[in-house]
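Going line by line, the protein sequences match chains A and B. Each residue of the first sequence is one higher than the last, beginning at 1 in my numbering. Each residue of the second sequence is one higher than the last, beginning at 216 in my numbering.
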Amino acid sequence: MNAFRLAGDMTHLLSIILLLLKIRATKSCAGISLKTQELYVIVFMSRYLDLFRTYYSLYNSLMKIIFLGTSMCIVWYMRSHKVVRQTYNNDEDTFRHFFLVLPCFVLALLVHRNFTFIEILWTFSLYLESVAILPQLVLLQKSSNIDNLTGTYVFLLGAYRGLYLFNWVYRFFTENHRVRWIPWLSGLIQTAIYTDFFYYYIRSWKNREKLKLPA
Amino acid sequence: DDDDDSHDEL
């Protein structure tokens, strides 16, 4: 495993820890999109089915279990915890899952490497992950008050796939890693969707101002 | 061998 890949995974892990910290410490999920969190549960469940089929490494299996467990835990907090769920921005989190899940699934049926159950779900998870942040970004645009933890959570979540892009370039040149258009293009689109957010996040950080996204 | 080595990623 190269440094970019490890940095990507750690950034992803850190983003989730930060979100759980926000929820547990402040007993609030204000500014967090339940739609995006539910999409992540679907992404991890469809991608990590191979957990029971192929063993890669202890690291790989552990991370998969952590991502599955924490994503379900976050959704549980937002839907069922008696204090946390009252802080959820129900009226502003209006994006419909359906409009992302269905096109991604159809695309996975049409564009994939092998027509097998596991492979179709794996491809679907990559397509869905690339757009899963959209409900969250829409919610942030509507929010007048984005707290630091939420802003940094989204920043780290975006940075993680960006680091994977470097990992793929590195693997391509050093490990004879073949061209993998499906994850590469999905990852590129996923990172590109954050471009605007990155710009405003870094600008607010440099100017020591509160983060605000233009509507 | 055409195993997808992307599957070892997360």
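Built from N, CA and C at the ideal position, the CB exists for glycine as well.
From the options, pick the residue whose C-alpha is nearest to that of residue i; which is it?
i, options, result
"F4/A", "N89/A, R161/A and I66/A", "R161/A"
"Q190/A", "M78/A, F67/A, L126/A and H97/A", "L126/A"
"T26/A", "M45/A, H97/A and N148/A", "N148/A"
"D160/B", "M10/A, H112/A, Y48/A and L121/A", "Limits of chain B in this structure are 216 at one end and 225 at the other, which puts residue 160/B out of reach."
"I38/A", "K142/A, F155/A, F98/A and E175/A", "With the sequence shown as reference, residue 38/A is identified as Glu, and Ile is not the correct amino acid for it. Ranking the options by Cα distance to E38/A, first place goes to F98/A."
"Q86/A", "E92/A, M78/A and F67/A", "M78/A"
"R268/A", "F197/A, V83/A and L139/A", "Because chain A here runs from 1 to 215, residue 268/A falls outside it and cannot be looked at."
Does the CB of residue i have a neighbour CB from chain B at under 7 Å?
i, result
"R180/A", "yes"
"P183/A", "yes"
Hey, is residue i's beta-carbon within less than 7 Å of any beta-carbon in chain A?
i, result
"D216/B", "In this prediction, D216/B has a pLDDT of 44, which is less than 50 and means its spatial position is unreliable; nothing more can be read from the coordinates."
When we look at the beta-carbon of residue i and count the other beta-carbons within 10 Å, is it buried (16 or more) or exposed?
i, result
"I146/A", "buried"
"F124/A", "buried"
"Y201/A", "buried"
"R178/A", "exposed"
"L19/A", "buried"
"D93/A", "buried"
"R203/A", "exposed"
"Y153/A", "buried"
"F117/A", "exposed"
Looking at chain B, which residues of the segment 53-67 of chain A have a Cβ within less than 9 Å of any of its Cβ atoms?
T54, Y56, S57, N60, M63, K64 and F67
Ignoring anything shorter than 4 residues, give me the alpha helix (DSSP H) runs that lie fully in the segment 152-206 of chain A, in order along the chain.
181-193 and 195-206
Closer than 8 Å, Cβ to any Cβ of chain B: which residues of the segment 5-35 of chain A, in chain order?
R5, D9 and H12
Completely contained alpha helix (DSSP H) runs for the segment 71-103 of chain A, where each covers 4 or more residues
none
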